[in-house]
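Before any comments, here is the structure.
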Amino acid sequence: MSFYKSFIALCLALLVSVLFACQSTGLKIGSLDVGAIVNQGAKVFNASNIGLDEEIQFGENMSAVLLGTRPLYDDKALNQYVSQVGGWLALNSTRPELPWHFGVINSSAINAFAAPGGFVFITSGMLRQLNNEAQLAAVLAHEIIHVTKQHHLNAIKSEAYRSAVTQSLFISAEAYQGNTNASDKDKQYRFWAQKVTGMAQDLYSKGFDREDELQADALALMLLAKSGYDAYALVDNLQLLDAIAADDSALALMYQTHPTPEQRLFAIAAELTKLPYDSGTGSGKDSGKLLAQRFSQHIN
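Under mature numbering (1 follows the signal peptide of the UniProt record, and there is no 0), the residues of the sequence shown are numbered -21 to -1, 1 to 279, in order.
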């Protein structure tokens, strides 16, 4: 199966998995039997579960969308350094088996991004705000949690559910009513592919639910401590962001897609007391001084 068709099948998997519940409702809109349409789609694509290969493939597509707007930073040594830090964190995560990829996006925006299957990116603008490796690890840990908890896939499924009986379902119905030939199915594939790809793009402009972001912060603290980094580096990062003027254009997308630093600091205050590891010094890996020196060697 070609990459295009494989990706389309994944798109359908995401949508059909949330639409499948409509089969037994007998829901009709006018003369349109929604349950029958969904049932036919489920039979054609057999998409009740999303496998690891499909998750990775979807992440590749989302990464391509992201890198299509901003390329990777042209510094091999810097990208390798970020990959080493991210790789160590990923090894200590709940999904070390993923083929993790880390990179630096050439952008003055202060932000970081992730995609399903183990793709994590930090902007060069964000890197310039940081002072040491522990702070870099804190940024990457937050994004790693989005991947391990499958926040992207869950958000897309949720959006698919919300839009299931709106115009998207009417359009998809046109391809099914009284037609079973390959041409009609191909139209259906393309429609759902565009729909889900659009949802993926929206994630980068609208962000996750507040609960997902706060969960990523809370679990990032534990991942940092488990990996030997000072978990309070996440607090340092949020204080750095809070000190930047809220109307700074470099933070526009960050504020659009995340709770404010003040809100995040308040939420993680209680979580810091729950850490089961020694999270005060980062002594499990290197001293704070060495982390700062190592970071400064790669960041101009």
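Cβ coordinates follow ideal geometry from the N, Cα and C atoms, glycine included.
Spatially closest choice to residue i from the options, by CA coordinates
{"i": "Ala134", "options": "Asp191, Ile84, Gly104", "result": "Asp191"}
{"i": "Leu109", "options": "Leu254, Glu241, Asp215, Trp79", "result": "Asp215"}
{"i": "Ala117", "options": "Lys253, Lys268, Lys205", "result": "Lys205"}
{"i": "Asn71", "options": "Ile123, Phe92, Lys55, Pro50", "result": "Ile123"}
{"i": "Asp188", "options": "Thr252, Leu132, Gly30", "result": "Leu132"}
{"i": "Ala195", "options": "Gly47, His121, Ala248", "result": "His121"}
Beta-carbon proximity check, residue i vs residue j, cutoff 8 Å
{"i": "Ile101", "j": "Val61", "result": "yes"}
{"i": "Ala210", "j": "Leu203", "result": "yes"}
{"i": "Arg243", "j": "Leu219", "result": "no"}
{"i": "Phe81", "j": "Gly66", "result": "yes"}
{"i": "Pro238", "j": "Asp221", "result": "no"}
{"i": "Leu68", "j": "Leu119", "result": "yes"}
{"i": "Leu193", "j": "Ala246", "result": "yes"}
{"i": "Asn58", "j": "Leu51", "result": "yes"}
Nearest-angstrom Cα separation, counted from residue j out to residue i
{"i": "Gly104", "j": "Ser86", "result": "6 Å"}
{"i": "Phe37", "j": "Thr73", "result": "20 Å"}
{"i": "Leu31", "j": "His130", "result": "15 Å"}
{"i": "Leu269", "j": "Lys128", "result": "31 Å"}
{"i": "Ile223", "j": "Asn90", "result": "13 Å"}
{"i": "Ala248", "j": "Gly47", "result": "37 Å"}
{"i": "Thr252", "j": "Phe92", "result": "27 Å"}
Beta-carbon contacts of residue i that lie in its chain and below 7 Å, excluding the five residues immediately before and after
{"i": "Glu250", "result": "Ala197, Leu200"}
{"i": "Arg49", "result": "Ile84, Asn85, Ser86"}
{"i": "Leu254", "result": "Leu200, Met201, Ala204, Ala210"}
{"i": "Ala271", "result": "Asn110, Asn111"}
beta-carbon residue i near the ligand SAH non-hydrogen atom, thresh 7 Å
{"i": "Gly97", "result": "Because no ligand of any kind appears in the structure shown, any question about the ligand SAH cannot be addressed here."}
Whole-Å CB distance - residue i paired with residue j, under 8 Å assumed
{"i": "Leu45", "j": "Ala94", "result": "7 Å"}
{"i": "Pro78", "j": "Ile35", "result": "7 Å"}
Own chain partners of residue i with C-beta closer than 6 Å, once the 5 adjacent residues on each side are dropped
{"i": "Leu115", "result": "Val64, Leu109"}
{"i": "Phe274", "result": "Asn111, Glu112"}
{"i": "Phe98", "result": "Gly38, Ser42, His80"}
{"i": "Ser3", "result": "Here the model assigns Ser3 a pLDDT of 42, short of 50, so the residue's position is not dependable, and the following value carries that caveat. Answer for Ser3: no residue qualifies."}
Contact set for residue i: own chain, Cβ-Cβ below 8 Å, skip 5 residues either direction
{"i": "Ala56", "result": "His277"}
{"i": "Asp54", "result": "Val83"}
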